[in-house]
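Residue 137 is where the sequence shown starts when you use my numbering, and the numbers rise one by one after that. Glycine included, C-beta positions come from ideal geometry on N, C-alpha and C. Take a look at the structure below.
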Amino acid sequence: MAARNAQPKARPYKLSAGGGLYLEVAPNGAKYWRMKYRFAGPEKRLAISVHPEIPSKRALVERDRARLALYENRDPSSEKQIIKLRTKTAAGNSFENIAEEWLEVRASGWTNAPAPAAAEALAARNLVAAPGSGCG
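Okay, structure coming up:
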């Protein structure tokens with residue numbers, strides 16, 4: 137495939153790679169791997185990645201995964217969104233984030249002395265960033 141040599145034009149254009157996979161070349165020179173497919177009627181597009189971040193061989197593997205999902209009556213775009221959401225949620229549920237949230241809720245009912253001491257105790261055990269460190 138001529139993905140590496142694709143030059144930008146005045147309007148976006150597509151270079152087909154087969155099986156619904158294509159490389160979209162934007163006027164600014166950006167290149168995007170996408171897959172066109174139909175699920176439950178309407179035509180959809182799946183964003184696979186940016187070229188050259190993922191070479192053409194890897195894009196073909198991702199296309200085959202998406203086609204397998206379609207064969208199993210699953211929407212690959214919806215699955216990708218669910219994975220993205222789970223990853224984002226898991227990152228937000230770290231012990232540090234939960235401990236800091238707990239400290240904020242509990243500290244509102246405390247006098248001024250226990251809250252900083254509790255924050256420092258958590259930081260001393262490397263469970264959260266040290267108060268005033270600018271981390272976390």
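Alpha-carbon spacing of residue i relative to residue j, whole angstroms
i: residue 168; j: residue 154; result: 15 Å
i: residue 180; j: residue 206; result: 12 Å
i: residue 222; j: residue 216; result: 10 Å
i: residue 244; j: residue 214; result: 40 Å
i: residue 237; j: residue 226; result: 15 Å
i: residue 239; j: residue 224; result: 22 Å
Residue i classed as buried or exposed, judged by whether at least 16 other C-beta atoms fall within 10 angstroms
i: residue 219; result: exposed
Rounded Cβ spacing between residue i and residue j (contact assumed at less than 8 Å)
i: residue 144; j: residue 163; result: 5 Å
i: residue 159; j: residue 183; result: The pair is not a contact, with the Cβ atoms about 12 Å apart (cut-off 8 Å).
Contact under 7 Å by Cβ, residue i with residue j
i: residue 157; j: residue 171; result: yes
i: residue 212; j: residue 202; result: yes
i: residue 173; j: residue 161; result: no
is_contact[residue i, chain D] using C-beta, thresh 7 Å
i: residue 173; result: In the displayed structure, chain D is absent; only one protein chain is listed.
For the 8 Å Cβ check, are there 3 or more pairs between the stretch 224-233 and the stretch 196-204? Contact annotation: the stretch 224-233 does not touch the stretch 196-204, with fewer than three C-beta pairs closer than 8 Å.
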